[in-house]
Amino acid sequence: MASAGSLPALFAVQSRLDDALDDAASRQEQEKLVYEYLLKVDDREDLKIPDFQTGLEWLNTEGPLSFAKELDGKVVLLDFFTYCCINCMHILPDLHQLEKRHSVKDGLVIVGVHSAKFPNEKVLENVRSAVLRYDIRHPVVNDSEALLWHQLEVACWPTLVVLGPRGKLLFSLVGEGHRDRLTLFADTAMRYYRERDLLKTHSVGIKLYRDSLPSSCLSFPGKLAVDHSTKRLAIADTGHHRILVVSFTGQMLHAVGGPESGRQDGDLSEASFFSPQGVAIKGDTVYVADTENHLIRKIDLLERRVSTLAGVGAQGTDKEGGAMGPQQPISSPWDVCLGTAGGAKENVLWIAMAGTHQIWALFLADGKLPKGSESKAGTCIRWAGSGSEENRNNAYPHKAGFAQPSGLALAPEESNGCLYVADSESSTIRSLALKDGAVKLLVGGERDPLNLFAFGDVDGKGVDAKLQHPLGVAWAAGGSLLYVADSYNHKIKVVDPKTKQCWTLAGTGEAGDGLGPGFAESVFNEPGGLCVGEGDRLLYVADTNNHQVKVLDLDTRMVSRFPISFDHTDSVPTKSSVSSAQVPSLPKSAPRVEMPPLAVAPGQTLTMALTLSLPEGAKLTEEAPSSWRLSSDGNEWLLESQEVTGNILDLSSPLHISTKLPAITKTRDSTPTLTLSVWVFFCLPADRACMMRAVSFVQPLEMDTNAGGEEVTVALAHAF
């Protein structure tokens, strides 16, 4: 029997209204039905709900909210959500629209009640990141133990609950796609209580966390992709609603879109996106999964134009497809990957369609799906997945079930070719055969296709391995290994498809931001995407909640931050003199060489003879000049408060860096220090990677007026 003040008790009352509304012929008739319903339920004490528990963590407010205080006299809409859930994301536009329609002063307050599915989602900092990522501007309470969820007997995400100004249940809507019904309920409730003078106009102390944040180069980067032929990376700078194209050395070449969301085709300077996620780059073309716009976009860097290839700009519910791209509604595309299907090479763009739990195909040229009919260029069609949210494997692709597929990696060489899928809500990695479309489990999850709660952090084989909401996969053809962004475990893992063994490569399992000294000690925060660098030596990782890209050197097992320079956005980088604003930050992983104290006299010229050695066959890059910087933190008088910098153009002979020491000592410190920091950008031989390496030399100085000579030289050396 349903308990008082619970959703089952409300549904017993609301069911007749729902049936009547389905049969109503007009909006006016619907409003009348809702109004008459409110007359019956408004005074029912058995629909009053308990207040929020004390001690809960609140976001976007000045403090906790209470139905008896801050929310008294307000129509309150509770949104029970968990931030991993694509269906929960789909209703956010409905809530944004409602917030514009009825303000807090009018008497409507929306409160997000975050009730976690995964353990990682219980952590306040992770919820805060999600609130920022999704641009949620109403109060959110982190109900980490789902106390109110259990008290109201909520059954699934998302669930919307409308309360009257005295904290009583009025209506509830389960799932997504109820914008019209939600607007009807809210409009009528606002009119009903306004006529009875029960609405209050006071504020509730909303304080948006986003307003206190400093700006950053990247904001929640989602996916990234590499093009070896042009030595460029495409990065989905999701939180800034833009796509970045950078060189392997981090030099910015193009920034398209942002900083605000939009949906504009046209010139690169005018184009706009809305929380783009997946990217694929080939030559001068970048394909984009424009997630919140429900579009597939194309960036032509040569023609400097952005166009729409698929989608209508609104969330679709079609689970079959088959129309021409611009006429085909699609739903929350999360990743894209170039492939081949029964035609010319790379004639199809595979799409992880998270919103309908399927894998789709957009034909860039004529082709044919496995076991399918011929498709003309421009056709956008479902390939695999029934549309039901399941962890179901099947030899027939249309009968298989996915659960929010979020990452794709093509492995054309592997077992006659397959597409690997990071299936986030089932916490599995799946394979989709290019030959016949058969869907199989690789690692994670469990054998029950309906159990989407089989997650964890366990290295192992096949179903015995456990992941937690993985979002990205990347294939390394040379080693026949699959790299996985195990997002909610804050780890990078590796899978051997032949043995189905899965093991941790990097990350401690705790959210944070750290570079090592090695892979095991490095720390990530919900990494969402990754790609393999040239020669399978480097692994680029979108460390999403840390707002940065990290680089894992698979040879040295060192982690560094990928430096991005905006000096030459949207143009070919050129050589320029180095200033303190242009040199990158020194990575924490960079070696620090402590030199023995050197005796010097005031007024002497100090020369540092620097010898640097690169790996055999490596050459300095011209696109991003290597550089050095001489600094004297804490002893600025040594360099007369100036920062001395320069470029490194040739390593065939030692580099001589000289500075004349002041004639008068201005410190009591008997051993002041100079620090020489060096950044070297170089490329390995053909078919290998380009990279940045850094080192710093700390040179203590013993000030001795008896030190002889006009010049003193110290030799410094380092091999990268």
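To get this note's numbering, take the position in the sequence shown, counting from 1, and add 7. Backbone N, C-alpha and C fix where the C-beta goes; we use that ideal spot for every residue, glycine too. This structure is a prediction, so every number in the text was calculated from the model and none was measured.
Output the distance between the C-alpha atoms of residue i and residue j, rounded to the nearest integer angstrom.
{"i": "V450", "j": "K473", "result": "7 Å"}
{"i": "D550", "j": "Y90", "result": "17 Å"}
{"i": "E709", "j": "V607", "result": "6 Å"}
{"i": "C344", "j": "R636", "result": "41 Å"}
{"i": "G269", "j": "L215", "result": "22 Å"}
{"i": "L683", "j": "S638", "result": "7 Å"}
{"i": "L417", "j": "L154", "result": "43 Å"}
{"i": "E453", "j": "L159", "result": "30 Å"}
{"i": "A625", "j": "R217", "result": "44 Å"}
{"i": "W367", "j": "K124", "result": "27 Å"}
{"i": "Q589", "j": "Q611", "result": "At Q589 the pLDDT is 45, less than 50, meaning the model places this residue with poor confidence; the figure from the coordinates comes in the next sentence. Answer to the nearest angstrom: the Cα atoms are 30 Å apart."}
{"i": "V120", "j": "E517", "result": "24 Å"}
{"i": "R108", "j": "F280", "result": "24 Å"}
{"i": "P679", "j": "M602", "result": "13 Å"}
{"i": "C6", "j": "G323", "result": "This structure does not reach residue 6, given that the chain is present from 8 up to 727, and the question cannot be answered."}
{"i": "A461", "j": "R599", "result": "44 Å"}
{"i": "L302", "j": "G318", "result": "5 Å"}
{"i": "A243", "j": "A407", "result": "29 Å"}
{"i": "S587", "j": "D307", "result": "Interpretation of S587 is limited by its pLDDT of 38, a score under 50 that renders its predicted location unreliable; the figure taken from the coordinates is listed afterwards. If I take the Cα positions, the gap works out to 34 Å."}
{"i": "L371", "j": "V355", "result": "5 Å"}
{"i": "G290", "j": "H261", "result": "14 Å"}
Assuming residue i and residue j are in contact, meaning their beta carbons sit under 8 Å apart, how far apart are those beta carbons, in whole angstroms?
{"i": "G521", "j": "K498", "result": "In fact, because the Cβ distance is near 13 Å, the residues do not count as touching under 8 Å."}
{"i": "E409", "j": "G385", "result": "Note that residue 409 is Phe in the sequence shown here, rather than Glu. Contact flag wrong, Cβ pair sits at about 25 Å."}
{"i": "V719", "j": "L546", "result": "V719 to L546, Cβ: 44 Å. No contact."}
{"i": "G479", "j": "G536", "result": "4 Å"}
{"i": "L488", "j": "V470", "result": "That pair is no contact at about 20 Å."}
{"i": "I93", "j": "A361", "result": "5 Å"}
{"i": "V293", "j": "A359", "result": "That belief does not hold up - the Cβ atoms of V293 and A359 are roughly 17 Å apart, past 8 Å."}
{"i": "A492", "j": "V548", "result": "7 Å"}
{"i": "V313", "j": "A278", "result": "4 Å"}
{"i": "V211", "j": "L78", "result": "7 Å"}
{"i": "G394", "j": "D342", "result": "That belief does not hold up - the Cβ atoms of G394 and D342 are roughly 18 Å apart, past 8 Å."}
{"i": "F688", "j": "S620", "result": "Their Cβ separation, rounded to whole angstroms, is 15 Å, which puts F688 and S620 out of contact at 8 Å."}
{"i": "Q411", "j": "R389", "result": "Q411 to R389, Cβ: 16 Å. No contact."}
{"i": "R437", "j": "D430", "result": "5 Å"}
{"i": "P622", "j": "L559", "result": "Not really, about 17 Å apart at Cβ, beyond 8 Å."}
{"i": "T712", "j": "P609", "result": "7 Å"}
Find the nearest neighbour of residue i within the set the options, judged by alpha-carbon distance.
{"i": "D101", "options": "Q335, S703, E277 and E299", "result": "E299"}
{"i": "R249", "options": "F255, Q284 and S236", "result": "Q284"}
{"i": "D53", "options": "V286, T61, E517 and S13", "result": "S13"}
{"i": "G346", "options": "K375, D218, E541 and I664", "result": "K375"}
{"i": "W357", "options": "V148, V286, E381 and S210", "result": "V286"}
{"i": "H405", "options": "R304, A483 and A440", "result": "A440"}
{"i": "V116", "options": "F74, V134 and D142", "result": "F74"}
{"i": "D640", "options": "V705, A597 and E36", "result": "V705"}
{"i": "I56", "options": "D25, V169 and D657", "result": "V169"}
{"i": "L593", "options": "I571, L275 and V702", "result": "V702"}
{"i": "G670", "options": "P661, Y490 and E717", "result": "Looking at the sequence itself, residue 670 is Ala, so the reference to Gly does not match. Nearest option by C-alpha distance: E717."}
{"i": "P570", "options": "K557, D562 and P377", "result": "K557"}
{"i": "L1", "options": "D657, L645 and S596", "result": "Outside the shown range of the chain, which is 8 to 727, sits residue 1, and nothing can be said about it."}
{"i": "A722", "options": "P661, V687 and V147", "result": "P661"}
{"i": "P228", "options": "M615, N642 and N552", "result": "N552"}
Run the CB neighbour count on residue i, radius 10 Å, all protein chains shown included, and call it buried at 16 or more, exposed below.
{"i": "D86", "result": "buried"}
{"i": "W510", "result": "exposed"}
{"i": "D455", "result": "exposed"}
{"i": "N67", "result": "buried"}
{"i": "L231", "result": "buried"}
{"i": "N400", "result": "buried"}
{"i": "A321", "result": "exposed"}
{"i": "A196", "result": "buried"}
{"i": "K76", "result": "exposed"}
{"i": "L131", "result": "exposed"}
{"i": "K81", "result": "buried"}
{"i": "H247", "result": "buried"}
{"i": "A351", "result": "exposed"}
{"i": "P146", "result": "buried"}
Discussion item. To test your reading of the DSSP string, which unbroken beta strand (DSSP E) runs of 3 or more residues are found completely within the stretch 36-124?
Written reply: 64-66, 82-88 and 115-121
Practice prompt. Just list the alpha helix (DSSP H) runs in the stretch 127-204, keeping only unbroken ones of 4 residues or longer that don't cross its boundaries, in chain order.
Written response: 131-140, 154-159 and 186-202
Worksheet entry | Length-filtered (3 minimum) beta strand (DSSP E) runs lying within the stretch 300-335 | Every unbroken stretch of the beta strand (DSSP E) spanning 3 or more residues and falling wholly within the stretch 300-335 is given here in chain order: 302-307, 312-317 and 328-331.
Practice prompt. Within the stretch 234-309, note down every full beta strand (DSSP E) run reaching 3 residues or more, in order along the chain.
Written response: 239-244, 249-254, 259-264, 286-289, 292-297 and 302-307
Worksheet item: Can you give, in chain order, each stretch of the beta strand (DSSP E) that sits fully within the stretch 402-470 and has at least 3 residues?
Response: 412-418, 425-430, 435-440 and 446-451
Practice prompt. Entirely within the stretch 486-565 and at least 4 residues each: give me those alpha helix (DSSP H) ranges in chain order.
Written response: none
Discussion item. Report the start-end ranges of each beta strand (DSSP E) in the stretch 606-667 that is 3 residues or longer and not cut off at the edges.
Written reply: 612-620, 633-638, 651-655 and 662-667
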